[in-house]
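Going by our numbering, the sequence shown opens with residue 6, and the numbers climb by one from there.
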Amino acid sequence: MSTTKSVRKQAIMLSPRIAAFALLLVSQFFLLGARADTAPALTIWRLLDYMAIDYGGAVRDGVVVSSEEYKEMVEFVGSVTERLEGLPASDAKSDLRKRAVELQGAIENKEKAELVAELARNLAADLIKAYPVPLAPAVVPDYAAGRVLYAEHCANCHGARGNGKGPAAADLKPPPIDFTDKERAIERSLFALYQVIEQGLDGTSMASFAHLPSQDRWALALYVGSLAFPAADAAKGQQLWQSDADLRQQMNLINLVGERPAVLASRVGDEKASALLAYLRRNPAAVIPSTNASLALVRTRLTSAVLSYEQGDRRAATDFALSAYLDGFEPVEPLLSARNKDLMISIEGAMGELRAAIGRGATVDAVRTQAKTIDGLVDQAEEALDPRHASSASSFFGAFTLLLREALEALLIVVVMLTMLRKADRPEATRYVHGGWIAALAVGFLTWGLATYAISISGADRELTEGFGSLFAALILLWVGIWMHGKSQAGEWQRYIRDKLNRALSRESMWGLFGLTFVVVYREVFETILFFAAIWDENNAGAVLAGAASAVAMLAIIASALMRYSRSLPIAKFFAFSSMLLAVLCVVLVGKGIAALQEAGWIPIDQLAGVIRMDFLGLYPTIQGVSAQVAMAALLAIGFWQNQRRSSARQ
């Protein structure tokens with residue numbers, strides 16, 4: 006994109022009054038359908054906005070300070086009057102004509118800039134009321150896609166940083182616009198930028214980009230509109246946004262794209278407005294309620310993935326498809342799992358299949374069809390996540406099953422270690438195990454505090470933590486399981502007690518017990534706390550707490566029963582049962598770890614037909630996941646076989 010000084014004055018801005026009518030107008034547009042031809046009204050709107058912004062550069066204190074600028078003002082107001090005559094009949098048309106004449110007289114009389122701006126913007130607002138046009142995108146614009154599109158279509162003229170100093174700028178007279186010019190940016194709405202991108206500007210090198218899909222044009226407008234607001238201010242803007250409930254209620258997508266930054270600055274001050282726009286123009290989904298925002302981001306990223314794939318950019322398509330899951334779906338996955346777990350599994354599987362299709366180079370039609378399938382499932386998710394469908398019962402059972410499921414694996418491992426130490430008559434070593442799970446709880450709650458008030462934990466961070474935590478725990482338990490199986494053989498435990506255990510536990514190895522306990526418990530605590538944060542709502546807080554308390558009570562009963570039963574077992578049987586339990590957990594954890602890394606995009610996904618997904622076994626229908634579990638089972642089988650062979654040789 007390239008434009009000139011006079012061109013950039015024609016950027017389209019929405020007046021404060023337009024924002025007031027925006028939601029109603031958009032509803033009317035989608036209910037009644039688009040008017041046969043909205044281009045003439047938009048052209049008039051652009052001319053009015055141009056005059057509202059730049060009349061002050063032509064006339065000051067009743068004196069013409071730029072004859073060229075003033076000549077343009079006269080020309081454009083005349084064009085407004087003429088074009089209004091060509092609009093379809095309307096009850097408001099006569100009044101619009103009269104007010105255009107009033108504006109024309111004000112310009113001819115060289116009235117003050119404030120008066121001309123007010124007349125022009127009020128006329129523009131009522132014009133849009135009389136001849137409605139869509140004022141906002143159908144889905145949330147994609148900032149990341151806009152950055153890619155800008156580099157492809159705009160950077161050559163406007164420069165990589167948007168400062169108007171691209172490689173081709175030297176040959177353009179007047180030079181391209183400087184998008185980092187904050188003085189002009191505060192008078193430019195995203196809707197205005199969208200219109201310039203769509204229609205281009207006659208007589209300049211700024212061509213129309215109407216050939217791009219509407220969503221791409223909105224993405225470009227969003228990215229370009231962010232350049233005057235430094236990314237360094239985004240963190241401050243996020244804090245302001247999250248701490249001001251009134252502001253969140255006032256701001257929506259229509260305000261974000263249609264309102265001039267100057268209007269926001271008039272309400273909250275220049276510094277706050279700048280920080281807020283630095284954040285919101287880079288994270289537009291924030292203006293939509295959290296659940297809807299996440300699912301809206303899923304749709305946006307899916308659209309970008311399909312468009313990138315159609316253009317032959319498989320890497321970008323993969324990134325967008327991965328972001329649809331990590332940044333869009335993953336934040337609402339816990340709540341959807343509590344409401345409709347089968348639907349959650351279907352969406353997760355469909356997204357994995359989309360990434361797999363892109364990775365193997367499937368046809369464009371196949372990728373497009375898979376994206377449409379996901380879109381349909383997202384429709385169902387929106388219905389399931391509707392707050393009206395929430396109930397105390399669903400919140401209670403969601404919290405109960407979530408905590409019970411996540412904590413049970415860690416509980417089993419902790420019980421096995423505590424029982425082993427008691428049977429070895431080393432009760433003093435149990436404090437390392439207790440210290441491990443207590444530290445894991447403390448760090449887990451610290452994680453919750455940081456994630457809530459200080460930092461943002463992305464979907465990728467969650468999946469990587471779960472993935473690497475699961476694999477690390479699986480590898481440690483592989484060794485422990487084989488070791489326990491060996492001690493279950495005849496005479497082995499007594500020999501080990503006599504020769505090694507006392508010496509081993511007298512050294513720093515007891516910290517290994519602490520480390521293992523910490524890892525296996527923190528992995529579950531991390532997931533549980535973040536999941537509870539996702540399903541928590543002030544309206545269901547009592548039910549969630551009751552569900553969690555019930556789960557804790559159930560876990561306490563299970564732990565007590567396991568400890569009592571394991572103490573009564575002969576030592577050989579205890580180690581035999583424990584080794585088999587740990588072996589199963591090894592296979593489960595390695596499956597979950599591979600699945601988490603696949604969801605984070607670290608490992609490719611190749612679907613495996615005929616395999617049924619079973620979360621509690623860590624079994625997922627992918628070649629990579631099943632292969633890892635088979636390999637783990639093989640290692641365990643080899644270890645157990647060697648234990649039996651050594652035991653037989655000693656007898």
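Virtual Cβ for every residue (Gly too), placed ideally from N, Cα, C.
Nearest Cα to residue 177 within the set 155, 210 and 145: 210. Shown here for residue 351: same chain residues with a beta carbon closer than 7 Å to its own, the five before and five after excluded, namely 382 in chain order. A distance below 8 Å separates the beta carbons of residue 548 and residue 401. Per DSSP, the continuous alpha helix (DSSP H) segment holding residue 346 begins and ends at 346-364.
According to the DSSP assignment, residue 196 belongs to the alpha helix (DSSP H) that extends over 195-204. In the structure shown, residue 316 falls within a coil segment according to DSSP collapsed to helix, strand and coil.
DSSP, read as helix, strand or coil, puts residue 426 in helix. Looking from the CA of residue 293, the closest CA among 268, 257, 150 and 646 belongs to 257.
Scanning 216, 131 and 113 for the CA closest to the CA of residue 101 turns up 131.
Comparing C-alpha distances from residue 327 to each of 604, 629 and 319 shows the shortest one belongs to 604.
Assignment of residue 618 by DSSP, reduced to helix, strand and coil, places it in the coil class. Residue 369 counts as exposed, since fewer than 16 other C-beta atoms from the protein chains shown sit within 10 angstroms of its C-beta.
Taking the CA atoms as reference points, residue 629 sits about 11 Å from residue 598. With a contact defined as Cβ atoms closer than 8 Å, residue 161 and residue 183 miss out at about 15 Å.
When the beta-carbon positions are compared, residue 523 and residue 601 stay at least 8 Å from each other. Approximately 7 Å separates the beta-carbon atoms of residue 141 and residue 263; this is inside 8 Å, confirming the contact. Taking a 10 Å sphere around the C-beta of residue 254, we find fewer than 16 other C-beta atoms and assign the residue as exposed. Under the three-pair Cβ rule at 8 Å, the segment 557-568 does not count as touching the segment 430-438.
Annotation: residue 67 to residue 118 spans about 9 Å, alpha carbon to alpha carbon. Contact annotation, residue 266 with residue 190: C-beta distance approximately 7 Å; criterion of less than 8 Å satisfied. Distance from the CA atom of residue 188 to the CA atom of residue 58, rounded to whole angstroms, is 11 Å. The bridge partners DSSP lists for residue 525 come to none. Per the DSSP secondary-structure output, residue 247 pairs with nothing in a beta bridge. Between the segment 109-125 and the segment 191-207 there are fewer than three inter-stretch CB-CB distances shorter than 8 Å, so the stretches are not counted as touching. Taking a cut-off of 8 Å for Cβ pairs, the segment 105-113 and the segment 73-88 touch, as three or more such pairs fall below it. Residue 231 is classed as buried because its beta carbon has at least 16 other beta carbons within 10 Å across all chains shown.
Under the criterion of beta carbons closer than 8 Å, residue 144 and residue 56 do not qualify as touching, at roughly 32 Å.
Short of 6 Å from the beta carbon of residue 185, and not among the five residues preceding or following it, lie these beta carbons of its own chain, in chain order: 167, 168, 232 and 233.
DSSP lists 69 as the bridge partner or partners of residue 64. Going by C-alpha positions, residue 345 is about 16 Å away from residue 618.
Linking residue 203 to residue 216 through their CA atoms gives a straight-line distance of about 8 Å. Look at residue 613 here: in three-state DSSP terms it is coil, with no helix or strand label. DSSP lists 619 as the beta-bridge partner residues of residue 624. The continuous stretches of alpha helix (DSSP H) do not include residue 213, and DSSP gives it neither H nor E. In this structure, residue 371 sits near residue 362, with a CB-CB distance shorter than 8 Å.
Residue ranges of uninterrupted alpha helix (DSSP H) with 4 or more members, entirely inside the segment 63-144 and ordered along the chain, are 72-90, 98-113 and 118-135.
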